[in-house]
Structure formats: structure tokens, C-alpha cells
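Protein chains in written order, with the numbering used here: chain A, -12 to 370; chain B, 9 to 402.
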Amino acid sequence: MSTFRIRFGAQTTSDAGVPVEVISSNSVRVWKGILQMGGVVSADVKPGHYLVTAQLPNGSILRSQQTLDTENSVVDVRLVPELESPSESMGWAFYLQRSLFAPRHKRTGLRAPEFLGAPAHPQHSLPVDLRVWRCEDEEWFPISIRVSPSPTVDVRYRGVVDLNCSQLPAPYWLQCVSPIGSCFAALPRSEQSSLRAALTLNDNGTLAVAVGGFQPDADALLNYLTAGDFASARALGPRVEVRAEKILQDKVRDPVAATIAGYYLLKVGDLERLHDWSFNLANWFEHIPDGAIIAGWHAIRIGDPKKGARYFAIALRRGLPLFTLGLQQLLDGLLVTRELLYQEGIDPDDRARRLRGYVCASNQHSGVTSFAAMDPREPRPLP
Amino acid sequence: MTYLDRKSAGLGPRTHAIVIGVNHYPHLIDGEGELSPATMGLEQLTSPVLSAVTLSEWMEKSLDNPDAPLDTIELLLSPSPAVPSSGKHANVDRATMANIKAAFGRWYNRCDSSADNVALFYFCGHGIEPEGLILLPEDFGADKLALWDSAIDMTRTYYGMAECKARTQCYFIDACREQPIESLVPQGVVARPLKTRISTAPVAGRKAPFMKSAPLTQKSFAIPGQVSYFTRALVDCLDGLGAAHFDSEWWHVTTDSLMPSINRCMERVKLDNGTTPQCSPAGGEQNGVSDLHRFRGTAPVLARIACDPSAATQEADLLLHPRDGESRTRPHRAADPWETVIPSGNWRVEARFPSGGCPWSTKMLPEQLVYPPFFGPVVRLHQRNSDRVPGGYA
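Below is the structure:
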């Protein structure tokens, strides 16, 4: 056998895993594995001509054609994206987040996100105020709190905003206000890492915000799932699932990855493997409404729709889902358990109608829930 | 009446399809019947019947799944009186609520006969989504007193289908998902699911992608009188663009590979206003992967060729040279990257420039293995003066 030593060929601070395949010259897949973007993965194959390929969460496909001449040879493979992130610190947003409404890249005509404040796009620098809100019991409260580096930040020439949110009460949301509009994005709090936000312009001139920076594999998994790329999610999911199980068994306070793993099992995996931990997720981490949504669907699947309805009602009280996947799951859950909710004295239609207002204003391709609005109580449908 | 029945259901797992296309709505705008009290601005359609027939014919002629060969198709069509169906489609049942319920019942019972069956559900016509996804049969609005009795609650139907034994189920919904103001009635819109959940027993996970032609709150698109964009993409992807892998004899289209491929196809569509229609990015549950179709030979692959700098894309003659066979040339120069479909295999990409007055030199990329789902090389060029490569090749 011979070996490919495969690495990601662009600068990024993210260490997310991406599925990699080695295809033989007669088009048969001979190897598959996971490449950490900050590391190296070895693929042992027979000598021959091969295509090494990887699909990033942003939808782009990396490819490199390579030859292993002799037995026991080792060849280094760099998978270089056709378009590279404007800076290393923006790599997580550039490579992990889908931006279907990105403008045409000026140099190549391909679509690529334009980051506010990126050195490559100084013409797109404009002042942006950052504000933080808390959402609880369907009420929104502006929070006077220090967001690093300051609650109101001019992002010109910075691009990425690091948010050290571990001390914040939750659930909470970031508002980005600029002369071209205002949008909100959920801040799924994890005590183990700070969050990052990057602001981009859509091709219609509206503002979009990407949030990431949680556990890297979970970050990538979330974006594969949101894009409907179940094959890639399936490749990456078990690693996140194992971690999530540990998190909930050991009561380690990093529920964000567990929530994403819960969505993975709900959408792609085997819900039976959730055991009881979806209910733990819902019961222990009240600041994540998504836990109750996952528990609600888990209950329905195991034949307890009344319990499911109760969890959906809990999810509604806790506020908007922090992940876009949860918006549709909650709407569907309210519909499927509608009669049971009425029996509990809850008007699901009224709640669902309000929830739909946010769905209409949301970016359905974003992993983290984000929506356009000047006032969070009045989401504005996207143009 | 069942449109296609190969009567092989007892011989092992089979694929069973229900395909519905509705152009004609007598009780909506411009219909010949009494107008529904809630038309929601919905008019007659011209694409769904053709779209449904195109998918049905593809399945009949081409669908090849050795794990579950095609056995039956329930086809329901509601063409407009001005353009009735002809030939073998002339006598298929119309897509009224009663006919759809009857056909759905037959389809359900067949699918429910084995866990290894494959169930395919396709609808093209009017849809709305005030709360859940609602599909409108031909006779929507006929009963003014119970308006929503003639409307299909597709969201609850999908979840009700969890009780069907067939563990592979695919749902293709080619319909708008807007929320008309008239549907915001105080008690909500209570449409009828075709299958309700009746048991409290646990249900096993299923491979059941729920593919919708539009994201929530948005429209679905078609050129009038032609197959819709979504159905065109669906048929093309089933027919090969959705190939997931090759086993040295067959290419396989799977439940996992279909939706990302449809999305890639849809991203190529340009509407009159310059925008691109979007599919719903994700839907349903997919507990495992199933093959849906296989084929031999080469797989079609979406290709996009661009130059760097982009100004060179406009100036270049772009060519694709297969190892064997005839080269392909971009039909006309344009500023946008060249988007085409080529067979999998070994190809070279060439950007050719005129010899005088043009700042770039002709460039040929090394031969590359083209493999599904996508091939997107960028030809990186340098100004001719800085190249200094004899023979015009860099």
C-alpha cells in the first residue's frame, strides 16, 4: 500500500472535520474518512492515479488529482479551495457557512461572501452597532452588557467580532444595526468557547450575520444538516454524537454540541440512540429552546404524543429556537400535536402564527437562527 | 384506476408511486365553476400536468432499482379543458380530493406490505402553507361550506406515513409555500391529512426525504406550458445528475444524493428578474440511505468553467476536451462562467484567446478526472506580457 497525506490547503483557524474521499481512475471510491481542517489525514491505497475530493459545508467541492507511483510511497495532498477566505480569522465563516445569496466574486465571477470589514473589501466597510437582547417567555429585553470589545462596535477593518458571552444570561441574541438594515442572530452559548460573528452583504444589498465558533465538528455538522447534505452529515455525525453523549452523561456544560447532535439524530440518525438524553437536554438547559423541540419529537417517535405536546409548549415559552432547523421542527410539532395542545389550554395556532413571522424573516440557509428586523418583536420578511 | 400495474407485488419488495398533477382549478380564478369564497389569488396552471407526466414516463421507462423494482404508478391528472390529455393519459383519473384519497389508499396498502418497499409521492399544483403545508386538489372550493375538506394536509400526512411499513419513502412537492392572507382565519386552516397517526406504538426511523420546490413562504416556478424547474431538476437528477457513487459496474442514485443535486441544478436557473429560485434546504428524516435508481456507463456531471481574472471569461473561447471523443466549445462568449453538463471521465479544460490584442495567453489545464456531482475548475491566467511562454501556451 501507499499513502496520501491529505491536508486542507488554505489558512483558517477552524479545525472542523470535513468528509474526504479518494476516487480511483475508474471512478470507484476506494477510501473515505474525515479531515480536520487544521490537521492531516492519511489514506492508504494501492499505487495508481486518484482523485482526492472533499465537500465543504459551504457547498464547494475541493479536488486534487494525484499519483502514487510505487508501493510504500507517500504523497502530500493539499486540497485548495478555488476561492480562499479573505483572512484566516474569517475562515470558519467562509468555509463552513453557506451563502447562497452572496455576490459575485470580482476576480472570478463565482459567488463568494463579502465580509464587512475584510481587507479585500474596504469599500464595504460601514459602521455597525452591536446590541444584545434576551428572549424569554416570548418577550424581548435589551441587555446592557459588555460585549468584547465593547457593546457598540465599529467593525470597520475588523470583520470578525469575538463575543465572550459566558457570563450572559440566556437565551440571548445579537443585533447588528447598520445604515443598510438590521438583523438578529441567535447566540448559542457554550461555556467552553467564545462565539464569533461575521457580517456579510447579500447580493440584494441586505445585511447578513453568521455566528459560529462552537465545537468545530458540531459547527460543520450543523451547516451540513441545514443545507440538506445528509451524506456529509452522516460521515461527520457519529463523532459529534459520541461527544454529545459524553456531554450529557458527564453533565459537562457544553450543551450546544449536544443540541446539534440531537438534531442530527432527529434528522439523519437513529433516534433510539437518544435514549433519555434528549429529555435531559430539554430539562437541564432551559436557555436552549431547541432541546425541548428535540425532546418533543423524540416523545412522539416513541409513542407519547402528549409528552411531545408538552415539550413543544415548553419550547414556545423558552423563546425562538436558536437553530434554523428548529423553526420548521417546532412549527410541524405544533401542527401535529394541535388537538393535544388545545386540550392543555394552549392555542397553538396563535403561537404558530407568531413563530411563522420569524420564519418569514429568517435566513433559512443559516445554521444559527437569524432574521431581519429593526425591533425583534417585529420581524420583517426578507425581500 | 391504477395507471400502471406490473402485478409483481408478491414477488418481493417493490417501488410504488403516486403522481399527481393539477392544472385545472374550476373554482379558482379564471375557472369555469362558481368561484371559491377564498381564491387566495390562485389562478389556473399550465405546468403541473406536463411535469407529472414527465416524471411518470421517466419512472415507467427508466427507473431501475433491483432492490425494489417499479410495480405500480397511481397517476392523477387534471388538465385544463382547453388542453386535455391524450393518448394513454387520456383516461387517467382526475386529481379530485375523492380520487386522490382512493388512489392514496391503494398506494398506501401496497407500500405497507413490506418494510423493504419504496414509496414515492409526487404532487405538482397549487400549495399554500398557512401553518402546515397544504396541497390543493382540482375541486378545491367546490364545497363552500367546508372549504378545507377539499385540501390535503401534507405535513400531517408525512408524519402519519411514519406508520407505513415501507421504510424508504420519498416525497416530492412541487408547489408554492406562501401564506395567503385569506388563509389566516381565526380557527386556523384545518385541511385533511391523507393518513393520520392512529397508534401510540413507537415507530421505527425511516429513510424519508421530504423535498419541496420552494422554501417556506416562497413561490415555486415554471415557464408557462413547460415542465417546472423543480421537476426538471428532479428527473435529471434521478436520471444521473444525482449519482452518488460507482461500484465498477453501476452508478447509484440514493436518497442522500438526490436533494443536494436538485439544489445544485436549481441554483443554475435564472428567473426573469435575475434571481435564482431556491428549494427548501432540508426536510424530513433520513434514517439511513437507500438506492433509488442505478444506471451504467458514464454519469452526467454539472460543470462550471471560469477564468481568473473574470474579465478573461468574457474574452475566452472555452473548450472541454475528453480523452476520447469530440471536444465541446462554449456556444458563445459571456461574462458569466460557462455552465454545462458533461459525462464523467477524463477531461482537459482549455481557455483559448486570439493571438493579437488580447492580454491573455491560451492555457490548457492538465487532464482531470471528472466525477459527480460537480466539476468547477478555474483557469488562472497571467497577462500575456508577463507569461513569456513560447507557442502561446502557459
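Idealized CB from N, CA, C, for every residue including glycine. Predicted model only: the values in this text are computed from it and were never measured.
Beta-carbon proximity check, residue i vs residue j, cutoff 8 Å
| i | j | result |
| --- | --- | --- |
| Gly135/B | Cys184/B | yes |
| Ala222/B | Ser288/B | yes |
| Pro34/B | Leu155/B | no |
| Val196/A | Ala207/A | no |
| Ser12/A | Gly35/A | yes |
| Ser88/B | Gln52/B | yes |
| Glu146/B | Arg102/B | yes |
| Gly199/A | Ala80/A | yes |
| Leu84/B | Ile28/B | yes |
| Leu266/B | Leu63/B | no |
| Glu228/A | Leu252/A | yes |
| Thr47/B | Val126/B | no |
| Leu150/A | Ser181/A | yes |
| Ala173/A | His352/A | no |
| Leu49/A | Asn210/A | no |
| Gly278/A | Gly295/A | no |
| Gly46/A | Gln23/A | no |
| Gly306/A | Pro158/A | yes |
Helix, strand or coil at residue i according to DSSP, with G and I counted as helix
| i | result |
| --- | --- |
| Ala359/B | strand |
| Phe383/B | strand |
| Tyr144/A | The predicted position of Tyr144/A is uncertain, since its pLDDT is 40 and thus under 50; no value can be drawn from it. |
| Gln376/B | strand |
| Ile333/A | coil |
| Pro56/B | helix |
| Ala206/B | Correcting the residue type first, residue 206/B is Ile in the shown sequence and not Ala. Of the three classes helix, strand and coil, the one that applies to Ile206/B here is coil, per DSSP. |
| Glu323/B | helix |
| Pro366/A | coil |
| His253/B | strand |
| Trp156/B | helix |
| Cys132/B | strand |
| Cys163/A | strand |
| Arg388/B | strand |
| Asp149/A | strand |
| Pro77/B | coil |
| Ala222/B | coil |
| Val229/A | helix |
Assumed close pair residue i, residue j - CB separation to whole angstroms, cut-off 8 Å
| i | j | result |
| --- | --- | --- |
| Gly291/B | Pro188/B | About 22 Å separates the two Cβ atoms, so there is no contact after all. |
| Val309/B | Val349/B | 7 Å |
| His329/B | Trp368/B | Not really, about 19 Å apart at Cβ, beyond 8 Å. |
| Lys173/B | Ser122/B | 6 Å |
| Ser93/B | Val100/B | 7 Å |
| Thr239/B | Glu186/B | In fact, because the Cβ distance is near 19 Å, the residues do not count as touching under 8 Å. |
| Glu331/A | Ala300/A | 7 Å |
| Ala381/B | Arg272/B | Residue 381/B is actually Pro in this sequence, not Ala. With a Cβ gap of about 6 Å, Pro381/B and Arg272/B count as contacting. |
Exposure of residue i, with buried meaning 16 or more beta-carbon neighbours within 10 Å
| i | result |
| --- | --- |
| Gly313/A | buried |
| Tyr116/B | buried |
| Glu126/A | exposed |
| Met(-12)/A | exposed |
| Cys245/B | buried |
| Met9/B | exposed |
| Tyr329/A | exposed |
| Val27/A | exposed |
| Thr57/A | exposed |
| Thr204/B | exposed |
| Gln110/A | With a pLDDT of only 49 at Gln110/A, under the threshold of 50, the placement of this residue in the model should not be trusted; the figure read from the coordinates follows. By the neighbour-count rule (16 or more Cβ atoms within 10 Å), Gln110/A is not buried but exposed. |
| Gln391/B | exposed |
| Gln322/B | exposed |
| Ser29/A | exposed |
Residue closest to residue i, alpha-carbon to alpha-carbon, out of the options
| i | options | result |
| --- | --- | --- |
| Ser207/B | Cys366/B, Asn125/B, Ala106/B, Glu171/B | Glu171/B |
| Pro276/A | Leu188/A, Asn59/A, Gly26/A, Ile247/A | Ile247/A |
| Asn267/A | Gln330/A, Ile281/A, Val255/A | Ile281/A |
| Lys142/B | Met105/B, Gly296/B, Gly18/B, Leu266/B | Per the sequence shown, the amino acid found at residue 142/B is Ile instead of Lys. Of the listed residues, the one whose Cα sits closest to Ile142/B is Met105/B. |
| Val355/A | Gly224/A, Thr57/A, Pro175/A, Thr(-1)/A | Pro175/A |
| Lys227/B | Phe180/B, Val198/B, Trp259/B, Pro285/B | Pro285/B |
| Arg(-8)/A | Glu273/A, Pro225/A, Phe171/A, Ser51/A | Ser51/A |
| Phe229/B | Ala342/B, Gly305/B, Cys132/B | Cys132/B |
| Arg200/B | Val357/B, Glu190/B, Met162/B | Met162/B |
| Tyr11/B | Arg175/B, Lys96/B, Ser59/B | Lys96/B |
| Asp2/A | Trp264/A, Ala359/A, Arg16/A, Ala205/A | Ala205/A |
| Thr263/B | Arg260/A, Arg230/A, Ser219/A, Val32/A | Ser219/A |
| Val255/A | Ala212/B, Leu327/B, Ala25/B, Gly364/B | Ala212/B |
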